[in-house]
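All remarks here apply to the structure that follows.
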Amino acid sequence: MIEITAEPIDVQKIIAAASSDDCGALNVFLGTVRNHSRGKDVNRLEYDAYPAMASKMIQRIVDEAGEKWDVRKSAISHRTGVLAIGDVAVVIAVATPHRQDSFAACQYIIDRLKEIVPIWKKEVAVDGETWIDSHA
Amino acid sequence: MTVNVKFFALGKELIGENQLEMTVPDGATAGDLIDQLKEKYPRFAELNSFLVAVNLEYAELNTPLNDGDEVAVIPPVSGG
Chain E
1 MIEITAEPID VQKIIAAASS DDCGALNVFL GTVRNHSRGK DVNRLEYDAY PAMASKMIQR
61 IVDEAGEKWD VRKSAISHRT GVLAIGDVAV VIAVATPHRQ DSFAACQYII DRLKEIVPIW
121 KKEVAVDGET WIDSHA
Chain C
137 MTVNVKFFAL GKELIGENQL EMTVPDGATA GDLIDQLKEK YPRFAELNSF LVAVNLEYAE
197 LNTPLNDGDE VAVIPPVSGG
C-alpha cells in the first residue's frame, strides 16, 4: 500500500496494512518534523508533491527492495501540506520473515525515497522560507 | 502539438502556476520546451537545478515529445 496524503497519517493503519502472518518482523520508520535545521529554528514545514509520479517511484523502490530482501508486505505513507513540529511526515512499514531483512529494507526505502521521489519540503523559519535541496 | 506542463515547489513559485498548456512544434524535445519556458518566464532561470519527467518518468532533455504528454519540471527533491 502506498499513499500520498494531505491528511494526518494514521500510523496504526499503515502498520496494519504491512502486517503479514508469515512474517516475524515488522519494521516501522517514522520521519517527523524537527524544530531546527542547519543552525536555524524551524517553525513548520510545507510539503509539495507530484502524487502520481511519487506513488510510481515509491512502488519502484519497493520492487527494488523486494529484489534484495525477502519483503513480504509493505506500506508507505507520505504527508503533504503544512506540518507542525513533531508531526509525522512519512511512515514506512516493512514486513519480512526475519528481522535483519526488515531493518535493511526499511532503511533502503527511506534512503531511496529521499533520492528520487518527487516530494519537496520548504522550511519556514523566523527569518524566511527555503525550499530544501537534500543533495546540495 | 500541445503538452501539459506541471510545476512544483520553487518551480511553481517562479512560474506562478501549477500547470500550463503549452504549444510546441512537432518534433520538439523536452529541452525545446524548457527553452520556450525560459523565454516566456525569465524568472524560471532562477531554478538553477532541475530534472524533467515525461509521463511520470524521469527523462533526458533530448526526449521527443508527443501531443498530450504530461511534462513535469522536477526541482531537487527533499521528501522524507
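Heads up: the sequence lines are chains E and C, in that order. Numbering-wise (this note's numbering), the first sequence opens with residue 1 and increments by one. Numbering-wise (this note's numbering), the second sequence opens with residue 137 and increments by one. For every residue, glycine included, the Cβ atom is placed at its ideal position computed from N, Cα and C.
Taking C-beta pairs closer than 8 angstroms, name the residues in chain C that residue i reaches, listed in chain order.
i                : result
Val90 of chain E : Gly215, Gly216
If you measure from the beta carbon of residue i to each beta carbon in chain C, is any gap under 8 angstroms?
i                 : result
Met1 of chain E   : no
Ile132 of chain E : yes
Near residue i, what residues of its chain come up, given a Cβ to Cβ distance below 7 angstroms and the 5 sequence neighbours on each side ignored?
i                 : result
Ile116 of chain E : Met57
Mapping DSSP to helix, strand and coil, what is residue i?
i                 : result
Ala6 of chain E   : coil
Asp63 of chain E  : helix
Tyr108 of chain E : helix
Ile58 of chain E  : helix
Val71 of chain E  : coil
Glu196 of chain C : coil
So with Cβ pairs under 8 angstroms, would you call residue i a contact of chain E?
i                 : result
Leu169 of chain C : no
Phe186 of chain C : no
Leu192 of chain C : yes
For residue i, which residues in chain C fall below 7 angstroms Cβ to Cβ?
i                : result
His36 of chain E : By Cβ distance, chain C contributes nothing, its closest Cβ being about 16 angstroms from His36 of chain E, past 7 angstroms.
Can you pull the DSSP bridge partners for residue i?
i                 : result
Lys218 of chain C : Chain C is shown only over 137 to 216; residue 218 of chain C falls outside these bounds and no answer can be derived.
Phe29 of chain E  : E:Ile92
Output, in chain order, the set of chain E residues within a Cβ distance shorter than 7 angstroms of residue i.
i                 : result
Ile210 of chain C : Pro118
Name the chain E residues whose beta carbon is nearer than 9 angstroms to that of residue i?
i                 : result
Ala189 of chain C : Tyr50, Met53, Pro118
Lys174 of chain C : None at all; the shortest Cβ gap to chain E is about 19 angstroms.
Could you name the residues of chain C that residue i contacts, counting a contact when the two beta carbons are closer than 9 angstroms?
i                 : result
His135 of chain E : Ser185, Pro212, Val213, Ser214
Chain E partners of residue i, CB-CB under 8 angstroms?
i                 : result
Asp145 of chain C : Note on residue identity: the sequence assigns Ala, not Asp, to residue 145 of chain C. The contacting residues are Asp48, Trp120, Lys122, Trp131.
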